[in-house]
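Okay, so here's the structure we're looking at.
Chains as they are written, first to last, in this note's numbering: chain H, 3 to 127; chain S, 343 to 725.
Below, the structure is given as structure tokens:
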């Protein structure tokens, strides 16, 4: 393999890419974020039901860690209350054994998710 | 039927030719001798070293006495640049290109930190430098010009003969890093009219850890040795000559002399086949000039994908990348950026380099692997 060695979980998520895809109908809220220096671009699509995340899909251009994090969120986010939907990026970075240098790209995923969550949270009257 | 060879990183290093390995093993197994010693064992070792020196000299059109063995092209570059400039007295200016190998650039920057003036010329988008621009950069206090023959990332060939003419007209020494050129493109020191030429063994199916600096005999440039000790290699490179390494380099260069032209022609066909396949994919850009290239190197940038993700998706395909993850510096390829590529395209670049084990089946497999990886990454990316 040409690239650096990745933790098995990262490589697995990167290659399988669970949750990758675009919305397939109405009822999805989409948020996106970019980091121009590395050209990282993430779009997160959320569907909610009864105040909880029902499904998460994602589209991303980024390094294997970025794609692995988006994929991991698609498996972990469903069921979470919208008010607690945002991931603990540092904990996930530890879970993926990601180098510190990747935290900036993880924040792009978090920002995209936050933008989508904001569209789903009811605004105060 | 065996799987095709998916090793496409011969510009980094090549597998040692079995004939070379056998000669080195025989040398190691035979009676030891220090080639600097005067007894029979020493003379036998010296004979092996001189035979290897003659082989290296024959490939590059130089007299054997011009060949100084070193530990590799990096040391040769250091000896040429630091040695020539430190011996040059009042001449305190150097000229090189931004696209040179780090061994050249770092040596030049060391001299700059020591108070010398450094001019780093920017080549065109095709990777070539106009020889007249080199000439224009030379001043009365220029001690040395250093320009590589074949760029290690792009394979672009510089017009060394024309650059040498500019140097000669102005009385400046010319150093050429030919690590990627030996055995791959015609190389004749006399015809090129260079003063100093760096060579490597392991880029041409010889062993790692040995190279040479060819130093013109007449007029012989003054060089300050960078290693001090026993006065070996004409006083230019102290330290016991590693006989088995040198023997391996000699055999590798002999094979290159005997087979290099035919091999290069075959590699050029494979390189063109590779480009025909990759260039047919949408958003794949050739880095460097389309013509006047070494036969074994092809460098492409791929739009719309992350370089690190691309590399991770290539499976068993072994290539070099401009992605920061693949570079010790942590920065995208400075060579491609000097050619005008932005960071994203410099990151999303792949260098394919071919060698003796390369085949059409391997090339076709590589094209298919890259095409699938690019297609997949683009399908995952936001539209």
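Note that CB positions come from ideal geometry on N, CA and C, so glycine has one too.
Just confirm the distance between the C-beta atoms of residue 535/S and residue 510/S, as a whole number of angstroms; I'd bet it's less than 8 Å. At roughly 6 Å, the Cβ-Cβ gap stays under 8 Å, so residue 535/S and residue 510/S are in contact.
Cβ of residue 650/S less than 8 Å from any chain H Cβ? Taking Cβ atoms only, chain H reaches closer than 8 Å to residue 650/S, which makes this a yes.
Please classify residue 40/H: is it buried, with 16 or more other beta-carbons within 10 angstroms of its beta-carbon, or exposed? Residue 40/H comes out buried.
Indicate whether residue 401/S and residue 599/S have their beta-carbon atoms separated by less than 8 Å. Taking a C-beta distance under 8 Å as the contact criterion, residue 401/S and residue 599/S qualify as a contact pair.
Does the beta carbon of residue 723/S come closer than 8 Å to any beta carbon on chain H? Cβ-Cβ to chain H under 8 Å: yes for residue 723/S.
Is residue 359/S helix, strand or coil when you go by DSSP? Three-state DSSP puts residue 359/S in coil, outside helix and strand.
Going by DSSP, name the residue or residues bridged to residue 461/S. DSSP, once it has assigned bridges, lists 437/S as partnering residue 461/S.
Does DSSP classify residue 18/H as helix, strand or coil? Reduced to three states, the DSSP call for residue 18/H is helix.
Going by CA-CA distance only, name the one from 456/S, 559/S, 627/S and 700/S that's closest to residue 611/S. For the residues 456/S, 559/S, 627/S and 700/S, the minimum Cα distance to residue 611/S belongs to 700/S.
Evaluate residue 457/S with the Cβ neighbour count: other Cβ atoms within 10 Å of its Cβ, from every protein chain shown; 16 or more gives buried, anything less gives exposed. In this structure residue 457/S is exposed. Its beta-carbon is surrounded by fewer than 16 other beta-carbon atoms within 10 angstroms.
Does any CB atom of chain H fall closer than 8 Å to the CB of residue 710/S? It does not: the Cβ of residue 710/S has no partner Cβ on chain H nearer than 8 Å.
Pull up the distance between the alpha-carbon of residue 56/H and that of residue 75/H, whole angstroms please. For residue 56/H and residue 75/H, the distance between alpha carbons rounds to 12 Å.
One or two residues paired with residue 33/H in a DSSP bridge: Beta-bridge partners of residue 33/H (DSSP): 46/H.
Can you pull the chain B residues whose beta carbon is under 7 Å from the beta carbon of residue 61/H, in chain order? Looking for chain B here will not work: the only protein chains present are H and S.
Contact check, residue 69/H vs residue 108/H, beta carbons under 8 Å: Between residue 69/H and residue 108/H, the CB-CB gap reaches or exceeds 8 Å.
So with CB distances below 7 Å, who are the chain S contacts of residue 66/H? Simply 650, 651 and 654.
Going along the chain, which residues of the region 685 to 696 of chain S sit with their C-beta nearer than 9 Å to a C-beta in chain H? Here the close residues are 685, 686, 689, 690 and 692.
Within a Cβ cutoff of 7 Å, which residues of the same chain sit near residue 114/H, ignoring the five residues on either side of it in sequence? So the qualifying residues of the chain are 33, 34, 35, 44, 45 and 46.
Give me the chain S residues within the contact set of residue 108/H, using Cβ-Cβ distance strictly less than 7 Å, ordered along the chain. Chain S residues near residue 108/H: none, gap ~14 Å exceeds 7 Å.
Cβ-based burial, residue 721/S [other Cβ within 10 Å; buried from 16]: Exposed, since its Cβ has fewer than 16 Cβ neighbours within 10 Å.
Just tell me which of 383/S, 373/S and 445/S has its CA closest to the CA of residue 424/S. Ranking the options by Cα distance to residue 424/S, first place goes to 445/S.
If you reduce the DSSP assignment to three classes, tell me which class residue 483/S lands in. Looking at residue 483/S - three-state DSSP - the assignment turns out to be coil, as it is neither helix nor strand.
Could you list the residues in the region 25 to 48 of chain H with a C-beta less than 8 Å from some C-beta on chain S, going in chain order? Listed by position along the chain: 34, 39, 40, 41, 42, 43, 44 and 45.
Hey, could you find the ends of the alpha helix (DSSP H) residue 71/H is sitting in? Unbroken alpha helix (DSSP H) run through residue 71/H: 66 to 78.
Determine, for residue 19/H, whether the minimum Cβ-Cβ distance to residues of chain S falls below 8 Å. True, the Cβ-Cβ gap to chain S drops below 8 Å.
Using 8 Å as the limit for Cβ to Cβ distance, is residue 117/H near chain S? So no, residue 117/H is outside the interface.
Does the beta-carbon distance from residue 119/H to residue 87/H come in below 8 Å? The criterion of a C-beta distance shorter than 8 Å is satisfied by residue 119/H and residue 87/H.
Residue 405/S versus 532/S, 426/S and 619/S, residue with shortest Cα-Cα distance: Comparing alpha-carbon positions, the option among 532/S, 426/S and 619/S lying closest to residue 405/S turns out to be 532/S.
Burial state of residue 670/S, where buried means 16 or more other Cβ atoms lie within 10 Å: With a pLDDT of 48 at residue 670/S, under the threshold of 50, the modelled position of that residue is not reliable, and no figure is offered here.
Going by CA-CA distance only, name the one from 565/S, 586/S, 661/S and 587/S that's closest to residue 577/S. Taking residue 577/S as reference, the option from 565/S, 586/S, 661/S and 587/S with the minimal CA-CA separation is 565/S.
Would you mind telling me which residues of chain S sit closer than 8 Å to residue 69/H, beta carbon to beta carbon, in chain order? Using a Cβ-Cβ cut-off of 8 Å, residue 69/H is close to 651 and 722 of chain S, given in chain order.
So for residue 668/S, helix, strand or coil by DSSP? Bear in mind that the predicted position of residue 668/S carries a pLDDT of just 46, short of 50, making it unreliable; the figure below should be weighed with that in mind. The answer is helix: DSSP assigns residue 668/S an H, G or I state.
Within the 8 Å Cβ cut-off, does residue 22/H reach chain S? With 8 Å as the cut-off, residue 22/H counts as an interface residue toward chain S.
In three-state DSSP terms, what is residue 681/S? Coil.
Compare the C-alpha of residue 366/S against each of 591/S, 527/S, 504/S and 696/S and name the closest. The candidate whose alpha carbon is nearest that of residue 366/S is 591/S.
If you measure between the beta carbons of residue 439/S and residue 485/S, is that distance less than 8 Å? Cβ distance not < 8 Å, so residue 439/S and residue 485/S don't count as in contact.
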